[in-house]
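For reference, the structure discussed in these notes is given below.
There are 2 protein chains.
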Amino acid sequence: MSDVAQLADVSVKTVSNVLSGYPHVRDTTRARVLDAVERLDYRLNVSARNLRSGRTRMIGLALPELRLPYFAELADSVILAAERRGLTVLIEQTNADRERELDVLHGPRRHLTDGLIFSPLALGQQDRELFKVDVPVVLLGERMFGGPIDHVTMDNVDAAQAATEHLIGLGRRRIAVIGAHEGEQVGTAALRVQGYAQALAAAGIELDPALLGEAGPWHRDTGAQAMRALLDSGTEIDAVFALNDMLGLGALHVLHERRIDVPGQIAVIGFDDVDEASYSSPPMSSVSPGRVQIAETAVDLLCARIAGSSAGEPVTVRADFEIVVRASTAG
Amino acid sequence: MSDVAQLADVSVKTVSNVLSGYPHVRDTTRARVLDAVERLDYRLNVSARNLRSGRTRMIGLALPELRLPYFAELADSVILAAERRGLTVLIEQTNADRERELDVLHGPRRHLTDGLIFSPLALGQQDRELFKVDVPVVLLGERMFGGPIDHVTMDNVDAAQAATEHLIGLGRRRIAVIGAHEGEQVGTAALRVQGYAQALAAAGIELDPALLGEAGPWHRDTGAQAMRALLDSGTEIDAVFALNDMLGLGALHVLHERRIDVPGQIAVIGFDDVDEASYSSPPMSSVSPGRVQIAETAVDLLCARIAGSSAGEPVTVRADFEIVVRASTAG
DNA sequence: TTGTATGCGTTATCAT
DNA sequence: ATGATAACGCATACAA
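Here the protein sequences come in this chain order: A and B.
First residue of the first sequence: 1, per the working numbering; consecutive thereafter.
First residue of the second sequence: 332, per the working numbering; consecutive thereafter.
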């Protein structure tokens with residue numbers, strides 16, 4: 001930098017000012033500096049800037065797995081939102097592993113970013129204390145409520161109820177769930193099953209436990225497995241509410257395999273509205289969770305905490321959802 | 332760090348040694364240091380380490396779009412491969428935009444990582460000179476050959492020929508291509524169409540230009556569009572070779588929409604073997620490009636360059652491929 | 001095996 | 001609007 005300063009006949013401070021976008025620099029000076037930068041092919045040392053300024057203009061995004069489309073699309077939305085605010089996103093895969101989720105919160109890399117957007121799958125309500133870190137964190141998902149940090153989520157109960165009501169509106173009465181987690185009291189599965197139960201109750205349909213298909217991880221293969229188990233059980237089924245799209249696409253796969261007409265015999269709705277849902281055969285209805293809104297809100301909250309402009313109580317924001325009807329529940 | 336040193340009654344040097352994994356530290360000393368770290372809740376400042384050591388232990392991964400499953404899965408594989416070598420991956424989305432691809436190579440963030448794995452889509456053969464950067468870069472894909480840097484790719488011509496031969500082996504003769512780029516001389520599309528042409532020639536089938544379906548970006552929607560155009564053109568078709576899976580899934584979508592039996596009337600094979608291909612209806616055959624091998628090789632080459640152990644000529648590695656047969660081409 | 005002193009390249013403070 | 005200088009927190013050369 002001092003070379004540049006010398007060539008441009010200014011001080012290093014001025015070079016720094018120009019490169020940092022400090023506004024009070026004479027245009028001619030700025031031009032001279034930029035010209036010198038160009039001629040020397042000079043590149044700012046980001047590490048030095050980070051050390052001196054104490055900020056990196058990077059934020060972390062911790063999520064379970066990038067190859068799950070929902071998280072890939074979420075990452076895309078977060079990256080775009082961050083970019084608009086001049087921030088870079090450092091993605092950390094946790095694989096839903098407790099150790100790795102803890103490391104994300106407390107490891108040294110934590111201080112390579114100015115803040116963290118964290119979508120945990122292993123840590124939960126009982127780990128409240130572990131979320132108390134001295135750096136800005138925004139929580140995503142449904143693993144903890146009323147925690148010590150900002151939280152962006154959606155109304156899972158309402159959304160699941162709306163999805164179920166959509167199926168009931170088609171005249172379906174034997175609605176199976178795929179992705180239930182038996183005995184779970186908190187978390188996404190529990191909330192969505194609760195919404196399902198509420199919709200049934202409101203319609204005066206009795207909840208048949210035989211219709212609750214378990215699936216631990218929410219992937220295509222576990223969804224397929226659960227669908228097979230349900231079909232093999234002999235329980236009468238005229239609709240499926242898959243608690244996420246991966247499960248739903250796994251279910252569709254099995255229904256196609258067994259030549260069961262969708263939606264003629266069984267209607268299917270998923271949750272997340274990933275790109276893939278629009279292109280399955282048949283295209284799958286889904287609950288769209290307002291992914292872009294979630295990403296924007298999370299980045300906004302994080303920026304506010306980083307800037308220190310919001311030092312107050314943790315806030316919780318609920319994003320909007322929407323039922324997207326496609327052929328898998330048409331008619 | 333000096334606080335830790337004081338509490339542990341050692342010098343900062345020793346603390347640094349412990350935290351950097353320097354092996355020649357007495358066990359009791361190490362324990363004392365780690366205890367002090369714990370008690371003071373001390374966290375190493377990564378920025379300072381980066382500045383001082385001149386390395387960040389991060390590598391960049393520049394790709395067009397994370398929401399395209401192939402790239403999400405590639406990112407996953409690269410992250411895993413890097414992790415095994417103690418490296419963190421910083422993902423940069425270029426959106427196939429020329430400016431952004433240049434920025435990835437020449438921008439300041441370039442020096443936040445020790446090296447770059449770069450999958451360009453805008454930059455190409457004519458930009459040879461721009462790839463000459465003073466930091467280690469490994470190139471992915473088919474936008475440039477014989478360039479000044481290490482390159483990991485696959486034999487696209489062979490693979491496309493094998494895919495086409497698979498269709499010919501089913502007795503298909505009117506094989507459409509989806510994703511052609513008219514007039515393109517270099518790049519993935521051109522290579523795969525070349526393999527297709529070779530397979531036809533070898534089987535004595537004349538190449539009918541009416542069977543070449545154009546699709547600019549390789550997405551589901553453009554694949555669907557191309558499939559519709561081909562069907563509407565009235566050309567006889569008994570098979571489709573989609574130049575990637577997104578195009579193939581878009582085509583499947585249209586075939587389902589029009590109640591055309593797959594593979595009865597039209598067989599379909601894709602390219603990339605993304606997770607989604609196993610779960611489409613029907614499951615789609617595809618060319619599996621050895622994604623894990625590509626990721627591992629790319630990280631290996633990059634590490635070698637970073638370590639300086641390979642200062643020689645740029646190398647090009649071709650990964651293996653495999654035809655994965657599923658229901659969309661069964662029988 | 002461990003301690004001391006120096007400097008990495010930038011930004012912040014203060015001054016002009 | 002710009003300049004001089006200190007300091008950010010660590011790793012490394014060298015010494016012990």
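Idealized CB from N, CA, C, for every residue including glycine.
All values reported here derive from a predicted model rather than from experimental measurement.
One question on the structure: do LEU418 of chain B and ALA406 of chain B come within less than 8 Å of each other, judged by their Cβ atoms?
Along the second sequence, one-based indexing puts residue 418 of chain B at 87. Along the second sequence, one-based indexing puts residue 406 of chain B at 75. Going by C-beta atoms, LEU418 of chain B is not nearer than 8 Å to ALA406 of chain B.
What are the uninterrupted segments assigned as alpha helix (DSSP H) that are 4 or more residues long and contained completely in the segment 86–117 of chain A, given in chain order?
98–106
Is ARG357 of chain B buried or exposed, if buried means 16 or more other CB atoms sit within 10 Å of its CB?
On the second sequence, position 26 is the one that residue 357 of chain B refers to. The residue is exposed, with fewer than 16 neighbouring Cβ atoms inside 10 Å.
Could you check whether the Cβ of THR387 of chain B sits closer than 8 Å to any Cβ belonging to chain A?
What you label residue 387 of chain B is simply residue 56 of the second sequence in a count that begins at 1. By this cut-off, THR387 of chain B is an interface position.
Kindly indicate the opening and closing residues of the beta strand (DSSP E) around GLY601 of chain B.
Locating residue 601 of chain B in the second sequence gives position 270, where the first residue counts as 1. It spans 598–602 - the beta strand (DSSP E) in which GLY601 of chain B sits, taken as one unbroken run.
Same chain, Cβ closer than 7 Å to CYS303 of chain A, five either side skipped, listed in chain order:
Position 303 of the first sequence, counted from the first residue, corresponds to residue 303 of chain A. For CYS303 of chain A, where only same-chain residues beyond five positions count, the Cβ hits under 7 Å are ARG85.
So with Cβ pairs under 8 Å, would you call GLY334 of chain B a contact of chain A?
Here residue 334 of chain B refers to the residue found at position 3 when the second sequence is read from its first residue. The residue you asked about is not Gly; residue 334 of chain B is Asp in the sequence shown. Not closer than 8 Å to any Cβ of chain A, the Cβ of ASP334 of chain B fails to qualify, so no.
Option nearest PRO282 of chain A by Cα separation, candidates A:GLY264, A:THR188 and A:GLN293:
Residue numbering aside, residue 282 of chain A sits at position 282 when the first sequence is read from its first letter. For the residues A:GLY264, A:THR188 and A:GLN293, the minimum Cα distance to PRO282 of chain A belongs to A:GLY264.
Since ILE600 of chain B meets chain A, which of its residues come closer than 7 Å, beta carbon to beta carbon?
Start at 1 with the first residue of the second sequence, and residue 600 of chain B comes out as number 269. Here the premise fails: no neighbours, minimum Cβ distance about 16 Å.
Examine chain B for any beta-carbon lying closer than 8 Å to the beta-carbon of GLY264 of chain A, and answer yes or no.
Translated into the one-based positions of the first sequence, residue 264 of chain A becomes position 264. Cβ-Cβ to chain B under 8 Å: no for GLY264 of chain A.
Which chain B residues are close to TYR279 of chain A, counting only those with a beta carbon under 7 Å from its beta carbon?
In the first sequence, residue 279 of chain A corresponds to position 279, counting from 1. Going along chain B in sequence order, the residues near TYR279 of chain A (Cβ under 7 Å) are ARG551, LEU580, GLY581 and HIS584.
On the three-pair Cβ rule with 8 Å, is the segment 513–531 of chain B touching the segment 491–500 of chain B?
yes
If we ignore side chains and look at the alpha-carbon of each, how far apart do VAL386 of chain A and SER278 of chain A end up?
This structure cannot speak to residue 386 of chain A, because chain A is shown only from 1 to 331.
By a C-beta neighbour count over all protein chains shown, 10 Å radius and 16 as the cutoff for buried, is PRO540 of chain B buried or exposed?
By 1-based counting over the second sequence, the position of residue 540 of chain B is 209. PRO540 of chain B comes out exposed.
DSSP-derived helix/strand/coil call for LEU231 of chain A
One-based indexing of the first sequence puts residue 231 of chain A at position 231. DSSP places LEU231 of chain A in helix when its eight states are reduced to three.
Between which two residues does the alpha helix (DSSP H) carrying THR519 of chain B extend?
Along the second sequence, read from residue 1 onward, the residue named residue 519 of chain B stands at position 188. THR519 of chain B -> alpha helix (DSSP H) spans 519–534.
Span of the beta strand (DSSP E) holding ALA62 of chain A?
Your numbering for residue 62 of chain A matches position 62 in the first sequence. 58–63 is the span of the beta strand (DSSP E), which, as asked, contains ALA62 of chain A.
Going by DSSP in three states, LEU243 of chain A sits in which element: helix, strand or coil?
Residue mapping note: residue 243 of chain A aligns to position 243 of the first sequence, counting from 1. Coil, per DSSP.
Identify whether HIS322 of chain A lies in helix, strand or coil by the three-state DSSP scheme.
Looking up residue 322 of chain A in the first sequence gives position 322. At residue 322 of chain A the sequence reads Glu, which differs from the His that was named. In this structure, GLU322 of chain A counts as strand in the three-state DSSP scheme.
Determine, for GLN624 of chain B, whether the minimum Cβ-Cβ distance to residues of chain A falls below 8 Å.
Residue numbering aside, residue 624 of chain B sits at position 293 when the second sequence is read from its first letter. No, no contact with chain A.
Bridge partners for THR628 of chain B per DSSP, in chain order?
Within the second sequence, residue 628 of chain B is the residue found at index 297, counting from 1. Paired residue(s): none; THR628 of chain B is not in a bridge.
Does any C-beta atom of chain B lie closer than 8 Å to the C-beta of ASP76 of chain A?
Here residue 76 of chain A refers to the residue found at position 76 of the first sequence. Yes, contact with chain B.
Is the number of C-beta pairs between the segment 345–357 of chain B and the segment 309–322 of chain A that are closer than 8 Å three or more?
no
Where VAL135 of chain A falls: helix, strand or coil (DSSP)
Sequence index remark: in the first sequence, residue 135 of chain A carries index 135 (1-based). Residue state, collapsed to three classes: coil.
ILE91 of chain A touches chain B at which residues, Cβ-Cβ below 7 Å?
Translated into positions along the first sequence, residue 91 of chain A becomes position 91. The contacting residues are ILE422.
Let me check understanding here. Comparing Cα to Cα, which of A:VAL37, A:HIS106, A:ILE260 and A:THR29 lies closest to SER2 of chain A?
Position 2 of the first sequence holds residue 2 of chain A. Measuring from the Cα of SER2 of chain A, the nearest candidate turns out to be A:VAL37.
Rounding to the nearest angstrom, what Cα-Cα distance links GLY446 of chain B and ASP486 of chain B in this structure?
Here residue 446 of chain B corresponds to residue number 115 of the second sequence, with the count starting at 1. Here residue 486 of chain B corresponds to residue number 155 of the second sequence, with the count starting at 1. In a straight line, the C-alpha of GLY446 of chain B is about 25 Å away from that of ASP486 of chain B.
Are the segment 52–63 of chain A and the segment 90–108 of chain A touching by the rule of at least three beta carbon pairs closer than 8 Å?
yes
Going by other Cβ atoms of all chains shown within 10 Å of its Cβ, with 16 needed for buried, is HIS151 of chain A buried or exposed?
In the first sequence, residue 151 of chain A corresponds to position 151, counting from 1. Answer is buried; the Cβ neighbour count reaches 16.
DSSP state of TRP539 of chain B, grouped into three classes?
On the second sequence, position 208 is the one that residue 539 of chain B refers to. Contrary to the premise, residue 539 of chain B reads as Asp rather than Trp in this sequence. In the structure shown, ASP539 of chain B sits in coil (DSSP, three-state: anything other than H, G, I, E or B).
Cα-Cα, which of A:GLY270, A:ALA327 and A:SER233 is closest to ALA251 of chain A?
Counting from one through the first sequence, the residue named residue 251 of chain A turns up at place 251. It is A:GLY270 whose Cα lies nearest to the Cα of ALA251 of chain A.
The alpha helix (DSSP H) that contains GLY169 of chain A, what's its start and end?
Reading the first sequence from its first residue, position 169 is the one you call residue 169 of chain A. Unbroken alpha helix (DSSP H) run through GLY169 of chain A: 156–169.
Taking PRO451 of chain B as the reference, give the member of B:GLY500, B:GLY352 and B:VAL435 with the closest Cα.
The count along the second sequence starts at 1 and reaches residue 451 of chain B at position 120. When each option's Cα is compared against that of PRO451 of chain B, the closest is B:VAL435.
Can a CB atom of chain A be found closer than 8 Å to the CB of ASP576 of chain B?
Taking the first residue of the second sequence as 1, we reach residue 576 of chain B at position 245. It does not: the Cβ of ASP576 of chain B has no partner Cβ on chain A nearer than 8 Å.
If you reduce the DSSP assignment to three classes, tell me which class GLY223 of chain A lands in.
Indexing the first sequence from 1 puts residue 223 of chain A at position 223. In this structure, GLY223 of chain A counts as helix in the three-state DSSP scheme.
With a threshold of 8 Å between beta carbons, is ILE506 of chain B in contact with chain A?
As a first step, residue 506 of chain B is located in the second sequence; it is residue number 175 there, counting from the start. By this cut-off, ILE506 of chain B is not an interface position.
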